[in-house]
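Asks: Here's a structure for you.
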Amino acid sequence: MTDTATAPTDPRDILARYRQRRAQAVTAPKGNLALVNTQWITGDPAAPGQPIWGIPGLWSPLPAGQSGLKVTATPADDIVVDGTLVDGDAIVRGKDDANPSEVVFSDTVTGFVIASEEGDYALRVWDSNSEAIQDFGSIDAFDFNPEWIVQAAFTPIEGGKTVGFEHLKDEGKTRDMVVPGEITFSKDGVDYNLAAFKAGRALQLVFSDSTNGDSTYSVGRFLFVAPNPDGTVTLDFNLAVLPPCAFSYNFNCPLPPAQNRFSVPIEAGEKNVLNKAGELLH
7 MTDTATAPTD
17 PRDILARYRQ
27 RRAQAVTAPK
37 GNLALVNTQW
47 ITGDPAAPGQ
57 PIWGIPGLWS
67 PLPAGQSGLK
77 VTATPADDIV
87 VDGTLVDGDA
97 IVRGKDDANP
107 SEVVFSDTVT
117 GFVIASEEGD
127 YALRVWDSNS
137 EAIQDFGSID
147 AFDFNPEWIV
157 QAAFTPIEGG
167 KTVGFEHLKD
177 EGKTRDMVVP
187 GEITFSKDGV
197 DYNLAAFKAG
207 RALQLVFSDS
217 TNGDSTYSVG
227 RFLFVAPNPD
237 GTVTLDFNLA
247 VLPPCAFSYN
257 FNCPLPPAQN
267 RFSVPIEAGE
277 KNVLNKAGEL
287 LH
């Protein structure tokens with residue numbers, strides 16, 4: 007139950023609570039700082055299995071059309087898939103399966119399998135006691151800035167439209183994402199038309215601005231928003247967050263499309279991930 011009696015109402019207090027929860031989320035057992043490896047397993051399913059850095063067992067792709075990976079291990083490897091100790095071969099179902107598998111390697115190290123659009127599969131390995139978690143100091147952020155709380159219009163597009171988003175590690179290749187509507191507003195004499203794709207029940211805006219590579223993370227930032235019933239949407243850039251790849255190189259983050267690249271500085275939201283010494287974490 008939510009304790010509404012103690013919930014903050016001042017925007018600065020709301021932001022402070024939000025940032026406290028962000029720090030807790032990124033250090034969680036499957037938070038951004040816990041991801042220590044993402045390794046794609048491809049090739050001939052009949053070929054010998056492949057090792058994955060940092061964990062036991064040999065890993066193989068499955069025949070085309072099947073979800074997940076095969077792991078070959080002995081009881082001494084201490085790999086548990088869906089609650090059962092692996093002795094021989096086991097199937098680790100991917101996140102695209104209705105019942106994805108969970109893998110446990112130790113008290114702190116776990117994993118699951120993700121799928122690509124092309125039908126390939128990778129094992130993601132999480133360590134709740136990772137070096138990055140141990141070295142994490144804080145998420146540096148701008149002070150609350152009311153100038154970057156923007157009221158915009160949201161115009162749905164029937165059936166949505168497809169926009170190609172590049173990803174950090176895809177070497178210029180784009181992935182088609184469905185944009186369900188247009189976000190438009192004017193600020194300081196400039197008209198903006200932004201593209202945000204669906205992310206669960208919200209819209210995810212991937213954007214960059216002139217602070218990137220200077221006072222903020224070079225790749226860009228994310229802002230999650232939800233359209234209001236009256237056709238408006240509030241863009242509170244104080245809630246802008248760093249992408250997962252700012253915390254771990256093992257993520258592959260979307261890059262801002264051309265229309266989401268601001269030529270002005272947006273001095274609001276998160277800036278960089280810092281270690282305990284106050285320096286950039288990576």
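Using our numbering, you'd call the opening residue of the sequence shown number 7 and step up by one each time. Every residue, glycine too, gets a C-beta built ideally from N, C-alpha and C.
For chain C, is any of its Cβ atoms less than 8 Å away from the one on PRO271?
Replies: Considering every chain present, this structure includes no chain C. It has just one protein chain.
Asks: For ALA159 versus GLY237, is the C-beta spacing smaller than 8 Å?
Replies: Contact flag set, yes.
Asks: Given this structure, state the Cα-to-Cα distance separating PHE230 from LYS204, to the nearest angstrom.
Replies: Approximately 10 Å, taken between the alpha carbons.
Asks: Does the distance from the CB of VAL42 to the CB of ASP133 come in under 8 Å?
Replies: Yes, Cβ-Cβ distance for VAL42 and ASP133 is below 8 Å.
Asks: Among ASP95, ILE47, SER144, whose alpha-carbon lies nearest the alpha-carbon of ILE120?
Replies: That would be ILE47, whose Cα lies nearest to the Cα of ILE120.
Asks: Would you identify the three-state DSSP class for GLN72, choosing helix, strand or coil?
Replies: The answer is coil: DSSP assigns GLN72 none of H, G, I, E or B.
Asks: Since LYS204 sits in a beta bridge, which residues does DSSP pair it with?
Replies: Its beta-bridge partners are LEU209.
Asks: How big is the Cα-Cα spacing for TYR198 and ALA40?
Replies: Their Cα atoms are separated by approximately 36 Å.
Asks: According to DSSP, is TYR309 part of a helix, a strand, or is it coil?
Replies: In the structure as shown, the chain begins at 7 and stops at 288. Residue 309 is therefore absent and cannot be evaluated.
Asks: Can you give me the C-alpha to C-alpha distance between GLY206 and VAL169, rounded to a whole angstrom?
Replies: Roughly 18 Å between the two C-alpha positions.
Asks: Suppose you measure from the CA of MET7 to the CA of LEU209; what does that come to, to the nearest Å?
Replies: Any reading at MET7 needs caution, since the residue's pLDDT is 45, under 50, leaving its predicted position unreliable; the model's value is listed next. Each residue's Cα considered, the two are about 26 Å apart.
Asks: Exposed or buried, which one is SER221 when buried takes at least 16 other CB atoms within 10 Å?
Replies: The residue is exposed, with fewer than 16 neighbouring Cβ atoms inside 10 Å.
Asks: Looking at C-alpha atoms only, which residue of GLN265, SER107, PRO152 is the closest neighbour of VAL185?
Replies: Of the candidates GLN265, SER107, PRO152, the one whose C-alpha sits nearest the C-alpha of VAL185 is GLN265.
Asks: Give the straight-line distance between the Cα atoms of PRO35 and PRO17, rounded to the nearest whole angstrom.
Replies: Computed Cα separation, rounded: 30 Å.
Asks: DSSP three-state call for PRO250: helix, strand or coil?
Replies: PRO250: helix per DSSP, three-state reduction.
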